[in-house]
Amino acid sequence: MVEIWNLLHDGGIVTFSGECPGDISVKVEVEYLCDVLATGSNFLWVHLHSCSDVEFTPFENSELVKDLTQLRDCDLEILRAKDEESHILVFCTDGILRLNYVDATCELDNGVSVTFTSLSQACKKYWDDWERRSKDDA
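Residue 0 is where the sequence shown starts when you use numbering that gives the first Met the number 0, and the numbers rise one by one after that.
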């Protein structure tokens, strides 16, 4: 479950919808992956099923943000993620997003489902191409 967040590196969390506890949808702007997927979209929805915890701890202050409305106002750019006990920690540029959910699925903003495998392949292709371009520019 943590792998999806690592694939979304450099993606920006735009909004949250739903209720916790319950199902939550996270809209992530990740244009470079959507370009590789050739979707015509700039966004992916990550649906967190049976989410029992979502909270953000900013680096600047330790004031915990748990309200989804307030989370929408946080600037959350995804760097990486890791499992920690019963939670997933998503490290962002300005703090740490802590999540606990049973399962996650993805879809484009037009409602078309995206499998983890296709997302993973798109990510690999992007970074392989990026590395090749970097070598060519050197």
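Glycine residues also receive a C-beta, built at the ideal position from the N, C-alpha and C atoms.
Beta-carbon proximity of residue i to residue j, cut-off 8 Å
| i | j | result |
| --- | --- | --- |
| LEU70 | CYS91 | no |
| ASN99 | SER51 | yes |
| LYS124 | VAL1 | no |
| VAL45 | VAL25 | yes |
| PHE55 | LEU88 | no |
Beta-carbon proximity list for residue i, same chain, < 8 Å, skipping 5 on both sides
| i | result |
| --- | --- |
| LEU67 | PHE15, SER16, GLY17, GLU18, CYS19, ILE23, VAL53 |
| SER212 | With the chain represented from 0 up to 137, any question about residue 212 goes unanswered, as that position is not in the structure. |
| SER119 | GLU2, LEU6 |
Residue i, buried or exposed, once every other Cβ within 10 Å from all chains shown has been counted against 16
| i | result |
| --- | --- |
| LEU47 | buried |
| GLY39 | exposed |
| PHE58 | exposed |
| GLY10 | buried |
| GLY94 | buried |
| VAL111 | exposed |
Residues near residue i by beta carbon distance below 7 Å, same chain, minus five either side
| i | result |
| --- | --- |
| LEU7 | VAL27, VAL29, ILE77 |
| ARG79 | ASN5, HIS8, PHE90 |
| LYS81 | VAL1, LEU88 |
Beta-carbon separation (whole angstroms), residue i vs residue j, contact threshold 8 Å
| i | j | result |
| --- | --- | --- |
| CYS122 | LEU32 | 6 Å |
| LEU43 | LEU107 | 6 Å |
| VAL101 | SER49 | 4 Å |
Residues near residue i by beta carbon distance below 6 Å, same chain, minus five either side
| i | result |
| --- | --- |
| LYS65 | GLU54 |
| Completely contained alpha helix (DSSP H) runs for the stretch 9-57, where each covers 4 or more residues | Complete alpha helix (DSSP H) runs here, min 4: 30-36.
| request: Can you check the stretch 79-119 for any beta strand (DSSP E) of at least 3 residues that lies completely inside it and give the ranges in chain order? | output: 86-91, 94-99, 102-107
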